[in-house]
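S.K.:
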Amino acid sequence: MEVFEGRNYALYPGYPPIRLMPVIHLTRDRAVVDTWCTARSSTMGGSSTTPPPASSEWIGIDVGDAARELRRVSEVVAAFSAAHALPQRTADAVELVLEEALTNVVMHGFRAPVPDGAAIRVRLTREPAHVCAEVIDTGRAFDPTTIPDPPTTAPDDFRRASGRGIQIMRRLSDRMSYRRRDGWNELHLAWRCPDPPVGTGGSMPKEMP
Amino acid sequence: MSELRVVDAAGDVTVVALAGRLDLAGTEELNLRFTAAVTTRRRPTIVDLSEVTFLASLGMRMLISAARTLRLSGSPLVLMNPQDRVRDALEAAELLDLLPIAHGEVEARQLVLGVV
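Protein sequences, first through last, are from chains A and B. Heads up, the first sequence is in my numbering, so the first residue is 1282 and it goes up one at a time. Heads up, the second sequence is in my numbering, so the first residue is 94 and it goes up one at a time.
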């Protein structure tokens, strides 16, 4: 891979230069740079501490032990959020949205018995202005972005009160996109979150217009 | 670890306290016990959420299912003292009308008994 040092730094007024690092996509049979992320450069006057990796490793999930596995994902999200000093409400939103996304895949993506090749993977990435999450799986094709919100529930109408997971995903993320590729569902989620963090008591992310 | 504690199962109001994570694992763990504790008495019910640290849609479904069963016998269910992130989740799901929130036991009892 070619790296052009001259354009691999981002400059923000008041902050040390930020080195841009390639995030290499290792799914299936290819290794491509699919985004660029930031890492504080210790060689250009930045922090002397080792920066956290901008992307988590791909987290593989055992479909047959989903309840325990989702807890593990939450622990990874908490560690990632702490390492990148994400605002608490952003961290909370990422954790809940991923729980909902993964619950959907686990409960609806695979018919029992779970096939041998079943796979679910999650990865988090810190980009300059966003936190991103990717959820990919080999389950049945399912595009959550096409599912409309349930109708507004009257105070005494419990009939349509279930099935709020996708609504929560939509409300608590800033961007949600989907594609089906080569037998994989690929769900991309993003939350606005400037780097370095500002307004750490910030508000819950809102939907993008 | 998720937990359930029946605080009051003798008075006019049933009080149940939940704790921990109401995610996929926590809801699987508590669903039957919670439903039995709340719905068998068919009394107005307060669910203390102050020690619930995480609430996902499956946990909401558990609460709604109990509230729906209680409603059939004319008894309301009120949530008490949720943490901010739990309240945010309920708000995102637009469930605050169905599952009203009270702050403190006095307000919860007033709300659940229809005093206010």
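C-beta atoms are modelled at their ideal positions from N, C-alpha and C, and glycine is treated no differently. In this text, all values refer to a predicted model and were calculated from it rather than measured experimentally.
Using the beta-carbon count (16 or more within 10 Å), is H1365/A buried or exposed?
M.R.: buried
S.K.: Using 7 Å as the cut-off, classify the Cβ of D105/B as near or not near the heavy atoms of the ligand ATP, replying yes or no.
M.R.: Among the ligands in the structure shown, none appear at all, so the ligand ATP cannot be discussed.
S.K.: Would you report the Cα separation of V1313/A and V1395/A, rounded to the nearest angstrom?
M.R.: With a pLDDT of 42 at V1313/A, under the threshold of 50, the predicted position of this residue should be treated as unreliable, though the coordinate-derived value follows. Straight-line Cα distance between these residues: approximately 30 Å.
S.K.: For my contact list, A1335/A and R1407/A are in at a C-beta cut-off of 8 Å; report their separation, rounded to the angstrom.
M.R.: 5 Å
S.K.: Kindly say whether G1446/A, judged by its beta-carbon, lies nearer than 8 Å to any beta-carbon of chain B.
M.R.: By this cut-off, G1446/A is an interface position.
S.K.: The segment 119–145 of chain B: which residues have C-beta closer than 7 Å to a C-beta of chain A, in chain order?
M.R.: E121
S.K.: With 8 Å set as the bound, which would you pick, yes or no: does the beta-carbon of R1456/A sit closer than that to a beta-carbon of chain B?
M.R.: no
S.K.: Which residue marks the beginning of the alpha helix (DSSP H) containing S95/B, and which one marks its end?
M.R.: No alpha helix (DSSP H) holds S95/B; DSSP gives it neither H nor E.
S.K.: Would you say F1439/A lies against chain B (beta-carbon separation less than 8 Å)?
M.R.: yes
S.K.: Less than 7 Å between C-beta atoms, sequence neighbours within five positions excluded: which residues of the same chain meet that for G1398/A?
M.R.: T1419
S.K.: May I ask you to report which of helix, strand or coil DSSP gives F127/B?
M.R.: helix
S.K.: For G113/B, which residues does DSSP report across the bridge?
M.R.: V145/B
S.K.: Three-state secondary structure (DSSP) at G1420/A?
M.R.: coil
S.K.: What does a CB cutoff of less than 7 Å around S168/B pick up in its chain, not counting 5 residues either side in sequence?
M.R.: R135, R136, P137 and T138
S.K.: Mind listing, in chain order, the continuous alpha helix (DSSP H) runs of no fewer than 4 residues lying wholly within the segment 148–181 of chain B?
M.R.: 150–165
S.K.: Under three-state DSSP, which class holds I1428/A?
M.R.: Coil, per DSSP.
S.K.: Is there a Cβ from chain B that is less than 8 Å from the Cβ of A1360/A?
M.R.: no
S.K.: Could you spell out the range, first to last residue, of the beta strand (DSSP E) harbouring G1341/A?
M.R.: I1340 to I1342
S.K.: Can you name, in chain order, every residue of its own chain whose Cβ lies under 6 Å from the Cβ of R1309/A, other than the five neighbours on each side?
M.R.: Because the pLDDT of R1309/A is 43, which lies under 50, any placement of that residue in the model is unreliable, and the number read from its coordinates should be weighed accordingly. Nothing listed; no residue qualifies.
S.K.: Could you compute how far the alpha carbon of D95/B sits from the alpha carbon of A1363/A?
M.R.: Note that residue 95/B is Ser in the sequence shown here, rather than Asp. Each residue's Cα considered, the two are about 23 Å apart.
S.K.: Mind the definition here: the segment 1382–1390 of chain A touches the segment 176–190 of chain B only if three or more C-beta pairs lie below 8 Å; say whether that holds.
M.R.: The segment 1382–1390 of chain A vs the segment 176–190 of chain B: no contact.
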